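Read the structure below first, then the notes.
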Amino acid sequence: MSLIIGNWKMHGLKDALGEARAISGGAAMLPEDKHQLVICPPYTLLAMMAEALMETNVLIGGQDCHPSPSGAHTGRISAEMVADCGATYCIIGHSECRDELGDDDELLSRKVEGALRAGLVPIFCVGESLEIRETGHAETFVNGQLDVVAKIADRVIVAYEPIWAIGTGKVPTVEDIAAMHAMMRERLGGSTPLLYGGSVKPGNAAEILAVENVNGALVGGASLKAEDFLGIAQAAS
Ligand code: 13P
Numbered sequence: 004m005s006l007i008i009g010n011w012k013m014h015g016l017k018d019a020l021g022e023a024r025a026i027s028g029g030a031a032m033l034p035e036d037k038h039q040l041v042i043c044p045p046y047t048l049l050a051m052m053a054e055a056l057m058e059t060n061v062l063i064g065g066q067d068c069h070p071s072p073s074g075a076h077t078g079r080i081s082a083e084m085v086a087d088c089g090a091t092y093c094i095i096g097h098s099e100c101r102d103e104l105g106d107d108d109e110l111l112s113r114k115v116e117g118a119l120r121a122g123l124v125p126i127f128c129v130g131e132s133l134e135i136r137e138t139g140h141a142e143t144f145v146n147g148q149l150d151v152v153a154k155i156a157d158r159v160i161v162a163y164e165p166i167w168a169i170g171t172g173k174v175p176t177v178e179d180i181a182a183m184h185a186m187m188r189e190r191l192g193g194s195t196p197l198l199y200g201g202s203v204k205p206g207n208a209a210e211i212l213a214v215e216n217v218n219g220a221l222v223g224g225a226s227l228k229a230e231d232f233l234g235i236a237q238a239a240s
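Laid out in C-alpha cells, this is it:
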C-alpha cells in the first residue's frame, strides 16, 4: 500500500474544490488496496474539502498545527481544530515552516505531541540543504532530525524531502534516495511509513516509488492538478 499525499501549500481558493472532486473521482477507479490518497489543503479549505470528499476514499490532512489545544495565539490553528475540520493527518516540520516560522526540534516535538493528542497522524518532514548534501553530511543531518520522532516511530509517518529538490525539478539519484531511506528504516524500525518528497511527477514516480523502503510520496506542485496527482498514484505498484 502506497501513501500518496498532496501538499497544496498556499494554493487554492474555493473553486479548487472541483480539482479535489476530480481527484476523488479518479481515485475511485484505482485499485483500492494499492494506494491511500490524501490531500493537505490550506486551512481555509480543510472543512469544505473534508465535507466534499466525505463519502470518497481520499483522506484530508492539515499542513501544520500549534502545539496547544487552544489559547491566546493569534493567527494560529491547533491540532484539535485541524481534526475538527475532518482531517486524519497533519504535516509537521515541513522545511518551509522550519524556514519561515523558525520551527526548531523542541517546538516540533510539541507539535507532534499535539497532533497525536488530537488523534491526527503526524507526517514529520526531514531533509537536508544543498550545502549539507554537497559536504557529504546529509545522512548524519537527517538522522539528527529524526531524534524528534525516534521514540514514537510507530505512531508517525516520516517524509524525506531534500530542500534542494522541492519545487526545483531536481531529484536525488535512486541510489541516494535508497541510502537515505535505508538509514531511516534502520533508525525507526519497520512500522513507520517512509515517504519521499521533492519534485515527484507522473514521469518519475514509478522509479522513485519502486525504491526499497519508499512507501509513498509527498507531492507539492503536481498534487494541484487531478491528472498529475492521479498519474503519480497510478505509478505506485
Ligand atoms: P514539490 O513536489 O513541488 O517539489 O514540493 C514537494 C513538497 O514540498 C511537498 O511537501
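Throughout, this note's numbering is defined as the position within the sequence shown, counted from one, plus 3. The beta carbon of each residue, even a glycine, is placed where N, CA and C say it ideally should be. Given the structure is predicted, the values throughout are model-derived calculations rather than measurements.
For the set CYS43, HIS76, GLY74 and PRO72, the Cα lying nearest the Cα of TYR92 is the one of CYS43. Annotation: the continuous alpha helix (DSSP H) that includes ASN207 extends over 205-212. Contact annotation: ILE235 and VAL222 have beta-carbon atoms nearer than 8 Å. Contact between ILE26 and LEU49 is absent: CB atoms are separated by about 15 Å, not below the 8 Å threshold. Per DSSP, GLY200 lies in no alpha helix (DSSP H); the unbroken beta strand (DSSP E) holding it starts and ends at 197-200. Non-local C-beta neighbours of ILE169 in its own chain, meaning closer than 6 Å and more than five positions away in sequence, comprise GLY201, ordered along the chain. Counting along the chain, the unbroken alpha helix (DSSP H) around HIS184 starts and ends at 177-191. Sequence-distant Cβ neighbours of PHE144 in its own chain, meaning closer than 6 Å and more than five residues away, are GLU131 and ILE135.
Here the segment 150-169 makes contact with the segment 181-200; the two share three or more CB pairs at distances below 8 Å. For VAL152, the three-state secondary structure derived from DSSP is coil. Between TRP167 and LEU133, the C-beta spacing is below 8 Å. For SER81, there is no enclosing alpha helix (DSSP H), since its DSSP letter is neither H nor E.
Sequence-distant Cβ neighbours of HIS38 in its own chain, meaning closer than 6 Å and more than five residues away, are SER5, ILE7, ALA236 and ALA239. In this structure, GLY29 is the residue among GLY9, GLY29 and THR138 with its C-alpha nearest to the C-alpha of GLU230. For ASN218, the Cβ stays outside the 7 Å cut-off from all heavy atoms of the ligand 13P.
By the CB criterion at 8 Å, LEU149 and LEU191 fall inside the cutoff.
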